[in-house]
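To keep things clear, I will list the structure first and then write my remarks on it.
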């Protein structure tokens, strides 16, 4: 009688998983690297790894329907004659016309205005739809200088000098030729239909001393009225924040690697930068060490999804947050109702890997005239406003539960972490202990 071992289930490699194998085959077949948008898809320590300590005996909660919880924030009060006053601490991040359609940009402006917050131009210049429907508009000043002109700088309510972005700190974005329509080409002074790659650094300055000169130039152009933001990717948040402050920034924006609706190489998106959660405490510490915390405002972006994320960021010392991907989803992008058409272009609703190709069935990340007709800017703007309202109410609910009458009164003491990694990154105790990794003994 022959003895045989019982059959076993084949075991696949954790290192060479199905996606990795498919990428090797794709690279071998094409000889080109993969390009996509939407930030890192790998699992990273995030706000889900933090929990709030609600009030009980040792803390006194606020009554949700009878006691006020303030949500307003002022940005740019350091030097600007006209700082920005927002009703909520949730802003719309810079996403370019070119990457997004004109109706989508209009919808972002409408939704932000209904909610009492700001929106941002992105790398492509200022469109009339966006300016006309945005009560508060931040103008991004990028290395590419696409669409940049003194008139639009003066028409903006604030200027954001972009040094880096979360999905690609140290690198430039890409816009494929099929998205460079006649209008996009004219605004960016580019040839129609030709792939373009944005510059990775500003052409007229190389360091913090030059940045200080550039900020002064921008202040002179705008008669010192506009707040000047400096945006950096989440690479070295302590030093980048400190240098931005010393260069004269009114506001510092730090963008973690979960952020980034723009397209670049996937190898870049997944392997460069730091998680948003890891960026906050070093940036706050830099402001505190300089005696500028709350005097220079800090905005963080990258993976903000709900009111709990907002509340946690503010508890760690942030003044406001910025959303990009979530805002596009609120407008209607990656909606399962377009699943059949997403399937036709080789993707699926929720994968976010089609944004750069210009064939978005939802009409939001495209320049196709027929697809753009699917976006109703008024209806999409209302959806965004509804989403921002819910996020704000969620954050207020948490703040009241912690006994705070303002979102800005939340503090690290209100938080614990579920993992050692999150505890170390956020600088809060591991749940059930008083241990902060790297700061005190267990």
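Numbering (the working numbering), first residue to last: 216 to 657.
Glycine included, each C-beta is placed from N, C-alpha and C at the ideal position.
Secondary structure at residue 509: coil, using DSSP grouped into helix, strand and coil. Annotated three-state conformation of residue 575 is coil, per DSSP.
Taking residue 509 as reference, the option from 429, 523 and 529 with the minimal CA-CA separation is 529.
When secondary structure is reduced to three states using DSSP, residue 483 falls in the helix class. Under the three-state reduction of DSSP output, residue 611 falls in the helix class. Residue 227 counts as exposed, since fewer than 16 other C-beta atoms from the protein chains shown sit within 10 angstroms of its C-beta.
In the DSSP assignment, the residues bridged to residue 389 are 412 and 478. The segment 622-641 and the segment 261-273 touch, with three or more beta-carbon pairs separated by less than 8 Å. Boundaries of the alpha helix (DSSP H) harbouring residue 523: 522-530, taken from the DSSP string. The Cβ atoms of residue 582 and residue 333 do not sit closer than 7 Å to each other.
Here residue 291 is near residue 298, since their CB atoms are less than 7 Å apart. In this structure, residue 467 sits away from residue 487, with a CB-CB distance that is not shorter than 7 Å.
Fewer than three beta-carbon pairs drawn from the segment 614-628 and the segment 432-439 are found closer than 8 Å, and the two stretches are therefore not classed as touching. Pairing residue 253 with residue 546 gives a Cβ-Cβ distance that is not under 7 Å. Residue 351 places its beta carbon less than 7 Å from that of residue 372. Scanning its chain for C-beta atoms nearer than 6 Å, with the 5 sequence neighbours on each side dropped, one finds around residue 517 the residues 381, 470, 471, 473, 474 and 491, in chain order. Using a Cβ-Cβ distance cut-off of 8 Å, the segment 310-318 and the segment 386-403 are in contact, since at least three pairs of beta carbons, one from each stretch, lie closer than that value. Taking C-beta atoms under 8 Å as the contact rule, residue 544 and residue 268 fail to qualify, at a distance of about 30 Å.
Scanning the segment 436-474 for uninterrupted beta strand (DSSP E) segments of 3 residues or longer gives 443-448 and 466-470, listed from N- to C-terminal end. In the displayed model, residue 286 falls within coil according to three-state DSSP, outside both helix and strand.
Note that the C-beta distance between residue 307 and residue 542 is below 7 Å. With a cutoff of 7 Å on beta-carbon distance, residue 324 and residue 287 are scored as not near each other. Spanning the alpha carbons of residue 558 and residue 238 requires a straight line of approximately 19 Å. Contact between residue 231 and residue 383 does not hold, since the beta-carbon distance rounds to 26 Å and is not under 8 Å. Taking the Cα positions, residue 592 is about 17 Å away from residue 540. Under the three-state reduction of DSSP, residue 598 is assigned to helix. Here residue 427 is actually not in contact with residue 296; their C-beta atoms are around 19 Å apart, not less than 8 Å. Using a Cβ distance threshold of 7 Å, residue 515 and residue 495 count as a contacting pair. Every alpha helix (DSSP H) of 4 residues or more that sits fully in the segment 232-298 is shown, in chain order, as 233-245. A Cβ-Cβ contact shorter than 7 Å links residue 447 with residue 378. If the five residues before and after residue 406 are omitted, its C-beta is found closer than 8 Å to the C-beta atoms of 395 and 400, all from its own chain and listed in chain order.
Annotation for residue 485: 255, 256 and 257 place their beta carbon closer than 8 Å to its own, counting only its chain and skipping 5 residues before and after.
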